[in-house]
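Peer 1:
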Amino acid sequence: MPGANSSPAARLLYLYRTMARIRAFENAAEEASRGSVAAFGATANTTALVRGPLHLSTGQEAVAAGVCANLLRSDCLTSTHRGHGHTLAKGADASAMMCELFGRADGTNKGKGGSMHIADFAVGMLGANGVVAAGIPIAVGAAHSAKIRGSSAIVACFFGDGAINRGPFLEGLNWARIFDLPILFVCEDNRYSATTATDAMTAGAGAAARARGIGLPAETVDGNDVIAVDDAARELVARIRAGNGPQFMHALTYRIKGHVSVDAAAYRDQGEVEQAIESDPLKLAGSRLAALGVPAERIAEVDAEAQAEIQAALAAAHAARVPDPDEAYADVQDTGAGQWR
Amino acid sequence: MPGANSSPAARLLYLYRTMARIRAFENAAEEASRGSVAAFGATANTTALVRGPLHLSTGQEAVAAGVCANLLRSDCLTSTHRGHGHTLAKGADASAMMCELFGRADGTNKGKGGSMHIADFAVGMLGANGVVAAGIPIAVGAAHSAKIRGSSAIVACFFGDGAINRGPFLEGLNWARIFDLPILFVCEDNRYSATTATDAMTAGAGAAARARGIGLPAETVDGNDVIAVDDAARELVARIRAGNGPQFMHALTYRIKGHVSVDAAAYRDQGEVEQAIESDPLKLAGSRLAALGVPAERIAEVDAEAQAEIQAALAAAHAARVPDPDEAYADVQDTGAGQWR
Amino acid sequence: MALMNYAQAACKALAEAMRADASVVALGEDLGHGGVFGQYRGLQQEFGKARVIDTPISEATIVGAAVGMALTGLHPVVEMRVVDFALCAIDEIVNQAAKNRYMFGGQGRVPLVARLPIGVWSGSAAQHSQSLEAWFAHIPGLVVVAPATPADNHGLLAAAIACGDPVIYMEHKELWGFQGEVPAQAECVLGKARIARSGTDVTLVSWSRMLHTALAAAEQAAQQGVSIEVIDLRTIWPWDRQLVLESAARTGRLLVAHEAVQAAGFGAEIVATVAQELGIPVRRAGAPRIPVGYARTLEDAARVSAETLLLELSALVNGDGRGRSMA
Amino acid sequence: MALMNYAQAACKALAEAMRADASVVALGEDLGHGGVFGQYRGLQQEFGKARVIDTPISEATIVGAAVGMALTGLHPVVEMRVVDFALCAIDEIVNQAAKNRYMFGGQGRVPLVARLPIGVWSGSAAQHSQSLEAWFAHIPGLVVVAPATPADNHGLLAAAIACGDPVIYMEHKELWGFQGEVPAQAECVLGKARIARSGTDVTLVSWSRMLHTALAAAEQAAQQGVSIEVIDLRTIWPWDRQLVLESAARTGRLLVAHEAVQAAGFGAEIVATVAQELGIPVRRAGAPRIPVGYARTLEDAARVSAETLLLELSALVNGDGRGRSMA
Ligand SMILES: Cc1ncc(C[n+]2csc(CCOP(=O)(O)OP(=O)(O)O)c2C)c(N)n1
Ligand SMILES: Cc1ncc(C[n+]2csc(CCOP(=O)(O)OP(=O)(O)O)c2C)c(N)n1
Ligand SMILES: [Mg+2]
Ligand SMILES: [Mg+2]
């Protein structure tokens, strides 16, 4: 990847590519998931290729791209139920991910997890999580482990604005600070917790104020501006690598789609959504690229590459093997395995 | 009780009396509990009259006395494992409490709870709790209930310095603020969490900073100075009654005895303990009373009354009936009661 | 009688309770927009935000606050979305709600209903598919309810709200859209099972969504000339021991089927009781001891099918003591 | 062989594991001062604060962090003080530790040992006295261990640390001071029960502190001419089905005794399995479905005594089908 010292255009193009890949991946997944789950008034379509709840990060790609551009493969990451972007940005293979969403044996999780549990431990992506805020203590433990083992790895811990009202947020930040752990907390604030505007549920001045109340340095950034995220992440990650302990980023963004793919999100004000579409991070990065003199054809090329990559992923997922029922009994536990069925 | 407009001496004498009663009660309970539980290297004495873990609030009486002096009987209170002081100060009967500690059928809890679960719902004391921080959400719910029912009652929620590192602290404060509930949070900071100095386990500037990070006004007071606690509580309670929502008090004090009665607390620096004994809240209040011109005999009289009350409580507890084994089956649940045994 | 689905039936019960008694309130995430399954539709509009309360994502405090509300005069109905998230509030359910009345010597009551939907939910994988009724049956102080039909989701929810004890109320996530006739007046009594189909050869006890699988298996068995009596347990604790023992004594054989993991599931309790009391052949059918996987094949491996039940039934009827005895 | 108590035996196992493998760490509250029961005495002095970690009162994060540690190369041993406090970390145990390996398709392992001491603890009342082994046996992915003797607390803790799976390790709070001979080398294998006393008339299965009550009852029964075979199950999951079935087939009668509440306790699982497989008379003895009260009389009502076991045994031996069948 183009480092911090490469030209601004090269760096931004790199970040743009990550975002374009996430967008293409999620659009394809959404298409394959129509009627995936009965909720939000939608009825289930039992033939949907992508089953169950599918949480899209459309509009939030800049956070994943900007933060992960500052991580090494050996660094770790924990995510939420909305984890495709983090996983791709951390370096996972789109085909293996799409296979997972299709419930195939070659998926990242051998078909056992699906979208909500997408993970790629090989690139340090320790898992999406179906329980809000549950990734926080796990990330803290991974950072504690790195410190104990004398590893130079750091951990990035993503969570939503809704998660800051759950207990593990307090416990995890406190723990990270007292043990001075190498961890970057990233609150990806898309203003909603499912159908509920988070603001009314959150007391005080918000995520960064809470982090400061627990002794962590905290920065608020425009999470739709991938350059701003990249710059802030670079600085925070540098501080962590220099041994300054945990850092906190509060990234302001917006969830352009519904909570899950079947959610029409009619509870939102249309004007609010339209305004958000105006500040779509891809659009913003596109005009920045143009301003930096990157020709439109170059951007179109990147878009086309992303599309091609995802088409290949879809084809791979269609072709891939469905797990045998027998595989349901593997990877439960070693002790007593095989004795019971 | 002498109100805020009564003479300072009368008010202080009232507060002193509450503290003296708590001290006398706990000294007696400690005596009756020698060897009550096998822990901290102590072996159990199966004939101890007060069984199980006994947590003494010796040295912390000013917090209970000063806060509760500003509560009405109709107000509610939740407590911790260290709840004798709060319960007495809220108006519970010392005999019924001592009966409970002795495991008698006439105890506040009919012998079912003991020290760790001491409660007197009739005076709004909704219970001590064996789980650190567990009282916080319950207190918040009681305050929410008062608001919904249009009751003018407020709630005081006591917890230790160790509890601010558990999730319910964050969740409860956030909830109280967003629903603007009539609740006073009181962090009774005795500097220890069992055998561990809490400071090293707590990130940031402490309890009040965290409360402010969640949008609550917070005051720090000298928790050994009963006048300071009374003054602060009066102000905070007035704000709550005036509809200003949750308030937070951080009271600095010290746990003069071990974590439980069998804990010799050898892990503490002797100098630290001696210094704390110097600032014993009863001693402090005693010299204040003298300075206000209250004669030593009057103070001795209050002490003697407290002793007499507790001697009577001990006598009542000794005489009281032990629960029948059959009573073990009462008060479990109504649905299906009697069908199962 | 009116035709409605399982979600609407619960909504009707709650609305009726709220109309009748101002102390009934509901709290949880996303209730204002009707709940993500429509099981609260229209309630905030009718009863206002003060009584149909949208909460932060704070499961521990949702339940803990409900305990405080219940102790001080309200009847809270608490929404946990899926039982899996209620695992974030287990101290509050077990140490606080269930034990409060007992450990404080009967000074207070905790009349709260905690809705903890259970069951495999198509494509939702390991953290949204558990059935943990056996856990709560094990905890003194709790009532545990698992309705299988819209009529029962109406009647049992009404009874749960009225009963005065803390109730773990377990709806099934794959039943929300299930249609059925619902009587105008709630008619359920907690602790009473129902004979959903009469038969003479085997007693098959089940509850929640598995009841429908049991009924399907009974229908197929009937075509093979075997007569199955299907009991819908409805209340897991206190369970209707009398009805089950009577039926099992009559048929001489017992199968218990549930969607929860078989190992240490509630089927073990029923089977153990019947074996001890009657000494008749007994079997259980529950899920294997594996998490629920995402892919359909894996998910299906974690479900108990009508075919499995037929195999178990025929093992019982043919006196073949051995089979898929432990999973 | 050396004489030591149950707490010291565990301490020895942990010290040995930490000496042998730098990836073994311990974390929890108050470990630095040896643990409140002395079960960590001297460890922080020997291994330092980085490996014997004093934590804040943050149960959810203690377990959650241990999951993160286990996924990244450490072998954490986690202290919860009493199982009741572990209820503040149930999401982390059940949704995170137990399911991690499965839901991520085997990408990681979670080799952690969570110590969740169980049992009635004299005078400690409802929130410090639970025995919840049945809960964890119900959860795929977890191993559940409950040692009854110092030798086993040494050997099983060593085996638990070595096994690579998440283990719920349940010591009994009234056994800390219990003395016994402990072999120099740990010799336990997870999943293997032990015949603690041979006999011919009834198989009595138990574990943890209740084993000692079972042995006392067997001794009294012997004086009445009845020969009881006592099995110490040791591992609750995977339980030693083979040994139990062999013994029960031999004696023709089974009693399972545990300190946990009988309703939906693990005894039901064993009894149900044996009833199905062997069709022999079976009984259970567990606590009544009541919280543990504080006063001694109330606490005693929640304990299972040797007298109760003798009544149950005689009901079995005298072929009297009915007794205290459900509590
Ligand atoms: C503990 C828990 N409670 C509730 C849910 C249901 N739920 C799933 S996502 C979600 C909203 C989360 O909001 P936020 O943290 O802001 O993340 P976002 O969905 O906006 O990315 C909720 C309530 C859950 N998964 N876990
Ligand atoms: C959730 C939970 N974890 C651990 C314990 C064990 N424990 C009892 S009291 C205590 C220390 C509490 O410290 P603090 O909150 O400061 O209260 P204090 O004892 O000082 O009054 C601990 C760790 C518990 N009761 N509950
Ligand atoms: Mg959000
Ligand atoms: Mg303290």
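Protein chains in written order, with our numbering: chain A, 63 to 403; chain B, 63 to 403; chain C, 41 to 367; chain D, 41 to 367.
For glycine and all other residues, C-beta sits at the position ideal for the given N, C-alpha and C.
#1: Quick one: Cα of Ala106 of chain D to Cα of Leu246 of chain A, how far?
#2: Considering Gln337 of chain B, what are the terminal residues of the alpha helix (DSSP H) in which it resides?
#3: With DSSP collapsed to three states, give me the class of Gly361 of chain D.
#4: Can you tell which of C:Thr95, C:Trp247, C:Lys139 has the C-alpha that lies nearest to the C-alpha of Arg234 of chain C?
#5: Could you check the C-alpha separation between Gly363 of chain D and Ala201 of chain B for me, to the nearest Å?
#6: Counting only beta-carbon separations shorter than 9 angstroms, does Phe87 of chain C have a partner in chain D?
#7: Could you tell me whether any non-hydrogen atom of ligand 3 is closer than 8 angstroms to the CB of Ser406 of chain B?
#8: Provide the residue(s) that pair with Gln309 of chain B in DSSP beta bridges, ordered along the chain.
#9: For a contact meaning CB atoms closer than 9 angstroms, what does Arg303 of chain B contact in chain D?
#10: From the DSSP output, in three-state form, read off Leu114 of chain D for me.
#11: Curious, which full-length beta strand (DSSP E) runs of at least 3 residues does the stretch 42 to 115 of chain C contain?
#12: Specify, as a first and last residue, the run of the beta strand (DSSP E) that Gly220 of chain C falls within.
#13: Take every Cβ of the stretch 135 to 153 of chain A, pair it with every Cβ of the stretch 350 to 360 of chain A, and state whether three or more of those distances are shorter than 8 angstroms.
#14: If the criterion is Cβ atoms closer than 9 angstroms, does the pair Val129 of chain B and Met311 of chain B meet it?
#15: Suppose the cutoff is 7 angstroms on Cβ atoms and the five residues either side in sequence are ignored; what does the same chain contact list for Val291 of chain B look like?
#16: Under the three-state reduction of DSSP, which class applies to Ser162 of chain D: helix, strand or coil?
#17: Applying a beta-carbon distance threshold of less than 7 angstroms, which residues of chain D neighbour Pro180 of chain C?
#18: So Val134 of chain D contacts chain C; which residues on that side make the cut at Cβ distance below 7 angstroms?
#19: Within this structure, are the beta carbons of Thr112 of chain C and Ala208 of chain B separated by less than 9 angstroms?
#20: For Glu250 of chain A, tell me which candidate among A:Thr105, A:Arg144, A:Asp242 has the shortest Cα-Cα distance.
#21: What separation, rounded to the nearest whole angstrom, lies between the Cα atoms of Ser354 of chain D and Leu255 of chain D?
#22: Just confirm the distance between the C-beta atoms of Gly181 of chain D and Arg141 of chain D, as a whole number of angstroms; I'd bet it's less than 8 angstroms.
#23: Does the contact criterion of 3 or more C-beta pairs under 8 angstroms hold for the stretch 364 to 384 of chain A versus the stretch 160 to 171 of chain A?
#24: Asp131 of chain C versus chain B: which residues are under 8 angstroms apart at the beta carbon?
#25: Shorter than 9 angstroms from the beta carbon of Trp277 of chain C to some beta carbon of chain D?
#26: To the nearest whole angstrom, what separates the beta carbons of Ala100 of chain B and Ala106 of chain B, a pair I think is in contact under 8 angstroms?
#27: For Tyr254 of chain B, list the residues DSSP reports as bridge partners.
#28: Below 6 angstroms CB to CB, which residues in the same chain sit around Val270 of chain D once its five sequence neighbours on both sides are set aside?
#29: Just checking His321 of chain A against ligand 1 - is the residue's beta carbon closer than 8 angstroms to any of the ligand's heavy atoms?
#30: Against chain B, which members of the stretch 96 to 118 of chain D pass a CB distance test of less than 9 angstroms?
#31: Could you tell me the boundaries of the beta strand (DSSP E) in which Ser246 of chain C lies?
#32: Distance check for Lys232 of chain D and Val344 of chain D, CA to CA, integer angstroms please.
#33: So for Cys203 of chain C, helix, strand or coil by DSSP?
#34: With a threshold of 9 angstroms between beta-carbons, can Pro279 of chain B be considered close to chain A, or not?
#35: What residue does the beta strand (DSSP E) around Val384 of chain B start on, and which one ends it?
#36: Output, in chain order, the set of chain G residues within a Cβ distance shorter than 8 angstroms of Thr258 of chain A.
Peer 2: With the structure as the only source:
#1: 18 angstroms
#2: 332 to 340
#3: For Gly361 of chain D, the pLDDT reaches just 48, beneath the cut-off of 50, and the residue's location in the model is therefore unreliable, leaving the point undetermined.
#4: C:Trp247
#5: The predicted model places Gly363 of chain D with a pLDDT of 35, which falls under 50 and marks its position as unreliable; any figure quoted below should be read in that light. Looking at the two C-alpha atoms, the distance is approximately 44 angstroms.
#6: no
#7: Because chain B here runs from 63 to 403, residue 406 of chain B falls outside it and cannot be looked at.
#8: B:Leu246
#9: Near Arg303 of chain B there are no residues of chain D at all, since even the closest Cβ is about 32 angstroms away, more than 9 angstroms.
#10: coil
#11: 42 to 45, 64 to 68, 92 to 94
#12: 219 to 222
#13: no
#14: yes
#15: Ala124, Val125, Gly128, Val129, Val283, Gly285, Ala313
#16: coil
#17: Val301, Arg329, Ile330, Pro331
#18: Leu127
#19: yes
#20: A:Arg144
#21: Straight-line measurement puts the Cα of Leu255 of chain D at about 15 angstroms from the Cα of Ser354 of chain D.
#22: 7 angstroms
#23: A contact exists between the stretch 364 to 384 of chain A and the stretch 160 to 171 of chain A.
#24: Val193, Ala196
#25: yes
#26: 4 angstroms
#27: Tyr254 of chain B is bridged to B:Ala259.
#28: Ala236, Arg237, Leu244, Ala254, Leu255, Ala258
#29: At least one heavy atom of ligand 1 lies less than 8 angstroms from the C-beta of His321 of chain A.
#30: In summary, the residues of the stretch 96 to 118 of chain D whose CB is separated from some CB of chain B by less than 9 angstroms are Pro96, Ile97, Ser98, Glu99, Ala100, Thr101, in the order they occur in the chain.
#31: 242 to 246
#32: 25 angstroms
#33: coil
#34: no
#35: From DSSP, Val384 of chain B is part of no beta strand (DSSP E); its letter is neither H nor E.
#36: In the structure shown, chain G does not exist; the protein chains are A, B, C and D.
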